[in-house]
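**Q** Have a look at this one before I ask anything.
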Amino acid sequence: MKSELDDGFGGAVIVFKDVTDVVDALAAKDELVANVSHEFGSPLTSILGNIDLVLRGDQELQPATRLGLEVAERNAERLRALVEDLLSSAAAVESVHLRRTDLAGLVENSLVSARAQADAAHVGLVADVPAPLWANADPLRLGQALDNLVSNAIKYSPGGGLVTIRAERNDGWVQLEVKDTGMGMTTDESARIFTRFFRTNAARQAAIPGVGLGLSITKSIVERHGGSISCSSEPGSGSTFTVALPAGQPQEPSQAGAPALY
Numbered sequence: 026m027k028s029e030l031d032d033g034f035g036g037a038v039i040v041f042k043d044v045t046d047v048v049d050a051l052a053a054k055d056e057l058v059a060n061v062s063h064e065f066g067s068p069l070t071s072i073l074g075n076i077d078l079v080l081r082g083d084q085e086l087q088p089a090t091r092l093g094l095e096v097a098e099r100n101a102e103r104l105r106a107l108v109e110d111l112l113s114s115a116a117a118v119e120s121v122h123l124r125r126t127d128l129a130g131l132v133e134n135s136l137v138s139a140r141a142q143a144d145a146a147h148v149g150l151v152a153d154v155p156a157p158l159w160a161n162a163d164p165l166r167l168g169q170a171l172d173n174l175v176s177n178a179i180k181y182s183p184g185g186g187l188v189t190i191r192a193e194r195n196d197g198w199v200q201l202e203v204k205d206t207g208m209g210m211t212t213d214e215s216a217r218i219f220t221r222f223f224r225t226n227a228a229r230q231a232a233i234p235g236v237g238l239g240l241s242i243t244k245s246i247v248e249r250h251g252g253s254i255s256c257s258s259e260p261g262s263g264s265t266f267t268v269a270l271p272a273g274q275p276q277e278p279s280q281a282g283a284p285a286l287y
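Residue numbers for the sequence shown, in this note's numbering: 26 to 287.
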């Protein structure tokens with residue numbers, strides 16, 4: 026005997042899953058980030074104000090002292106930009122102000138800023154970037170993204186490791202690559218590495234400091250530039266982060282030169 030249901034829709038199973046705890050946990054993370062970011066505001070303003078007084082004052086500064094203060098000022102400005110991003114939106118960078126920017130100069134600034142961290146970790150820094158290398162970019166925001174990539178590469182590399190930055194222009198795009206010789210990650214982890222608050226198992230087990238926000242913000246900055254960022258990695262073989270950006274106006278003649286050590 027044939028049932029009336031054999032030729033048609035026979036019913037449905039509806040499954041409900043309570044995600045209240047997940048939503049509450051994410052909201053708590055956002056609130057924590059916002060509160061901590063707010064507390065950074067006043068100290069940063071004081072730091073920047075005092076650095077400015079010394080740099081623009083009448084006293085003569087030794088070249089090494091001036092360089093150190095300029096590095097501190099530049100990084101404090103980027104930290105303030107990060108705080109403002111986290112306060113306005115815990116997930117994204119709200120805006121970028123594009124102009125013709127020499128990426129070779131940004132790379133040099135980033136490596137000078139990272140020199141102390143690299144020395145402390147006994148990690149070498151090498152740059153292979155033609156100068157000038159023009160792109161349509163926000164130098165503050167892109168510098169922030171580059172600092173994140175270089176700092177991460179140093180942080181996850183062992184003593185005696187090497188961080189290499191390469192860049193080139195190709196068919197209207199500028200491609201920038203940050204490569205390390207660190208612990209690497211699995212294919213699944215590299216696919217999730219730009220997710221907010223995500224950290225690899227190896228990073229947690231090694232107790233490497235971090236909250237998992239830097240790469241998410243870096244991705245937002247790159248995408249606001251109309252670009253893209255990707256990661257390739259294998260456990261124990263290091264990681265390579267590749268950024269592609271619109272080059273903008275025609276390139277001026279550049280000097281490739283030899284790779285520079287920092």
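Quick reminder that beta carbons are idealized off the backbone N, C-alpha and C, glycines included.
1) Measuring straight from C-alpha to C-alpha, what distance separates I218 and I76?
2) Can the beta-carbon of S215 be found less than 7 Å from the beta-carbon of V175?
3) Thinking just about the alpha-carbon of each residue, which of G261, A227, E248 and Q169 is nearest to the one in V108?
4) Just the Cα atoms here: how many angstroms apart are M208 and S255?
5) Compare the C-alpha of V154 against each of D144, E133 and P271 and name the closest.
6) Would you say S241 lies against chain C (beta-carbon separation less than 7 Å)?
7) Locate the beta strand (DSSP E) running through T211, then write down its first and last residues.
8) Taking V268 as the reference, which of R105, T212, Q200 and S241 has the closest Cα?
9) Smallest Cα separation from L238: which of F222, D205 and N226?
10) Helix, strand or coil for I190? Go by DSSP, reduced to three states.
11) Which runs of the alpha helix (DSSP H) at least 4 residues long sit entirely within the stretch 212 to 255? Give them in chain order.
12) Taking its Cβ as the centre, do 16 or more other Cβ atoms sit within 10 Å of T206, making it buried, or is it exposed?
13) May I ask you to report which of helix, strand or coil DSSP gives G273?
14) Just to confirm my understanding: we take R105, look at its own chain, exclude 5 residues before and 5 after, and list those with CB closer than 6 Å. What are they?
15) Hey, how far is the Cα of L240 from the Cα of A228?
16) Pull up the CB-CB distance for V148 and I179, whole angstroms please, since I reckon it's below 8 Å.
17) Would you kindly check if the distance between the Cβ of A160 and the Cβ of L150 is under 7 Å?
18) Among the residues of its own chain, which have a CB less than 6 Å from the CB of F65, if the five just before and after it don't count?
19) Using C-beta distances below 6 Å, list every residue in its chain close to R224, excluding the 5 sequence neighbours before and after it, in chain order.
20) Within the same chain, show all residues whose beta-carbon is closer than 6 Å to that of A129, passing over the 5 residues directly before and after it, in chain order.
21) My understanding is that L131 touches W198, with C-beta atoms under 8 Å, so please give their C-beta distance in whole angstroms.
22) Please go through the same chain and pick out, in chain order, the residues whose beta-carbon is closer than 6 Å to the beta-carbon of A261, but skip the five residues on each side of it.
23) In terms of alpha-carbon separation, which member of S120, S182, E98 and L73 lies closest to T288?
24) Assuming A146 contacts G93 (C-beta within less than 8 Å), just tell me the rounded distance between them.
25) Taking its Cβ as the centre, do 16 or more other Cβ atoms sit within 10 Å of A272, making it buried, or is it exposed?
26) Just mark S258 as buried or exposed, buried being the case when its beta carbon has 16 or more other beta carbons within 10 Å.
27) Based on the DSSP output, what are the partners of R264 in its beta bridges?
**A** Here's the rundown:
1) Taking the first residue of the sequence shown as 1, we reach residue 218 at position 193. Taking the first residue of the sequence shown as 1, we reach residue 76 at position 51. Spanning the two alpha carbons is a distance of roughly 35 Å.
2) Locating residue 215 in the sequence shown gives position 190, counting from the first residue. Locating residue 175 in the sequence shown gives position 150, counting from the first residue. Contact: no.
3) In the sequence shown, the residue the question calls residue 108 occupies position 83. When each option's Cα is compared against that of V108, the closest is Q169.
4) Taking the first residue of the sequence shown as 1, we reach residue 208 at position 183. Taking the first residue of the sequence shown as 1, we reach residue 255 at position 230. Taking the straight line from one Cα to the other gives about 18 Å.
5) By one-based count along the sequence shown, residue 154 stands at place 129. The shortest C-alpha separation from V154 is found at E133.
6) Annotation note: the requested chain C is absent from the structure, which comprises a single protein chain.
7) One-based indexing of the sequence shown puts residue 211 at position 186. Segment: none, T211 is in no beta strand (DSSP E) and carries neither H nor E.
8) Mapped onto the sequence shown, residue 268 falls at position 243. That would be Q200, whose Cα lies nearest to the Cα of V268.
9) Walking along the sequence shown from the start, residue 238 turns up at place 213. Comparing Cα-Cα distances from L238 to each of F222, D205 and N226, the minimum goes to F222.
10) Locating residue 190 in the sequence shown gives position 165, counting from the first residue. DSSP places I190 in strand when its eight states are reduced to three.
11) 212 to 217, 226 to 230 and 239 to 249
12) Position 181 of the sequence shown, counted from the first residue, corresponds to residue 206. Buried: at least 16 other Cβ atoms inside 10 Å.
13) Translated into positions along the sequence shown, residue 273 becomes position 248. Coil at G273, not helix or strand.
14) Here residue 105 corresponds to residue number 80 of the sequence shown, with the count starting at 1. Within the same chain, R105 has close Cβ partners L69.
15) Your numbering for residue 240 matches position 215 in the sequence shown. Your numbering for residue 228 matches position 203 in the sequence shown. Using only the alpha carbons, I get a separation of about 14 Å.
16) For this step, residue 148 is matched to residue 123 along the sequence shown. For this step, residue 179 is matched to residue 154 along the sequence shown. Their Cβ separation, rounded to whole angstroms, is 5 Å, which keeps V148 and I179 in contact under 8 Å.
17) One-based indexing of the sequence shown puts residue 150 at position 125. One-based indexing of the sequence shown puts residue 160 at position 135. No, they are not a contact pair.
18) Mapped onto the sequence shown, residue 65 falls at position 40. Around F65: V108.
19) Here residue 224 corresponds to residue number 199 of the sequence shown, with the count starting at 1. Same-chain partners within the cutoff: G237.
20) By 1-based counting over the sequence shown, the position of residue 129 is 104. The residues are V154, A156, P157 and L158.
21) Counting from one through the sequence shown, the residue named residue 131 turns up at place 106. Counting from one through the sequence shown, the residue named residue 198 turns up at place 173. Wrong, their Cβ atoms sit about 16 Å apart, outside the cutoff.
22) Taking the first residue of the sequence shown as 1, we reach residue 261 at position 236. Sequence check: residue 261 is Gly here, not Ala. Correct list, in chain order: G209.
23) What is shown of the chain runs 26 to 287, which leaves residue 288 out entirely.
24) As a position in the sequence shown, residue 146 is number 121, starting the count at 1. As a position in the sequence shown, residue 93 is number 68, starting the count at 1. That pair is no contact at about 19 Å.
25) Position 247 of the sequence shown holds residue 272. Buried is the call here.
26) Locating residue 258 in the sequence shown gives position 233, where the first residue counts as 1. Classification for S258: buried.
27) Within the sequence shown, the letter at position 239 stands for residue 264. Strictly speaking, residue 264 in this sequence is Ser, with Arg absent from that position. BP columns for S264 point to S258.
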